[in-house]
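Going by this note's numbering, the residue at position 132 of the sequence shown is 135; the numbering climbs one at a time, nothing skipped.
Beta carbons: idealized from backbone N, C-alpha and C, even for Gly.
Source: prediction; values computed, not measured.
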Amino acid sequence: LYLEVKLLEATDAPDLELLPPVEKIALAGHTRQKGNAHYGRGDYASAVNSYSIALQITESSSKVDITPEEENELMDIKVKCLNNLAASQLKLERYDVARKSCMLALEHQPNNVKALFRMGKVLAYQDEYREAIQMMRKALKLEPSNKVLLTSSPTFLTQIELLPCGQRVAPQGKVSLLCPCGAKSGRLLNHLLGGSAFALGL
């Protein structure tokens, strides 16, 4: 099979420093939505790429006047992109970078429930269960009526704190899910944490 592609037109990328704030907001939002579409199809690597580009747009300096309201809009998109990045990175099992994405989101919005929830997931996957519990509890306290948190977090917390197979305390005071039926506990963790990133919404 042989395909020939002919380039009909090429345009330069917009100068982000000179882009009017309204257009920058629209471009960042549109690029983020592309990432959401990739995520919905299960193409998490492409989603990461789109979210990263959208982040670059929100973080670019500006040589034109921008209002506080427009700055807030860009910041809101930035935090959403960081949350989306974390969700995609979790799917790709890239826990270190997912943790960084959550931390950056929480630096800007310490009470962001999605960032707290996903940070809890990252910490659990990295065997930092006590810290994971703190994150989950904080998220629940902020949104006690959140249906996803109500259905997943209490079960998650209970299974960590009341392990039926003889929980053992790991070094440095960490609670471990490793027990005589280690394979089963691993499947349990995946069941409790898997899929809930998208359930919270992008």
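Which first and last residues belong to the alpha helix (DSSP H) in which residue 71 is found?
First-last of the alpha helix (DSSP H) with residue 71: 71-94.
Taking the alpha helix (DSSP H) that residue 102 belongs to, which residues open and close that run?
98-111
Give me, in chain order, the residues of the same chain whose beta-carbon lies closer than 8 Å to that of residue 28; leave out the 5 immediate sequence neighbours on both sides.
73, 76, 77, 80
Less than 7 Å between the CB of residue 59 and some heavy atom of the ligand ZN, yes or no?
Ligands displayed in this structure: none; no statement on the ligand ZN is therefore possible.
What's the C-alpha gap between residue 57 and residue 32?
Between residue 57 and residue 32, the C-alpha separation is close to 7 Å.
With three or more beta-carbon pairs closer than 8 Å as the criterion, would you say the stretch 108-127 touches the stretch 136-143?
yes
Suppose contacts are defined by Cβ-Cβ distances below 8 Å. Is residue 87 in contact with residue 149 by that definition?
No, Cβ-Cβ distance for residue 87 and residue 149 is not below 8 Å.
Assign residue 21 to one of three DSSP states: helix, strand, or coil.
coil
Among 94, 59, 144, 134, nearest to residue 19 - alpha-carbon criterion
59
Reducing DSSP to helix, strand and coil, say where residue 59 ends up.
helix
Would you call the stretch 91-106 in contact with the stretch 43-51, where contact means no fewer than 3 C-beta pairs closer than 8 Å?
yes
Helix, strand or coil for residue 45 per DSSP?
coil
Given that a residue counts as buried once 16 or more other Cβ atoms are within 10 Å of its Cβ, and exposed if not, what is residue 17?
exposed
By how many angstroms is the C-alpha of residue 68 removed from the C-alpha of residue 85?
25 Å
Looking at the unbroken alpha helix (DSSP H) that takes in residue 129, where does it start and where does it end?
Counting along the chain, residue 129 falls outside any alpha helix (DSSP H), and DSSP gives it neither H nor E.
Taking Cβ to Cβ, would you say residue 119 is nearer than 8 Å to residue 101?
No. Outside cutoff.
Between the alpha carbons of residue 41 and residue 82, how many angstroms are there, rounded?
19 Å
When you compare each of 145, 44, 133, 70 to residue 23 by their alpha carbons, which one comes out closest?
70
Going along the chain, which residues of its own chain have a beta-carbon closer than 7 Å to the beta-carbon of residue 152, five neighbours each way excluded?
By the criterion of a C-beta distance shorter than 7 Å, residue 152 is surrounded in its chain by 120, 142, 143, 146, once the five residues flanking it on both sides are discounted.
Can you tell me which of the three DSSP states residue 66 falls into?
coil
For residue 52, three-class secondary structure by DSSP
helix
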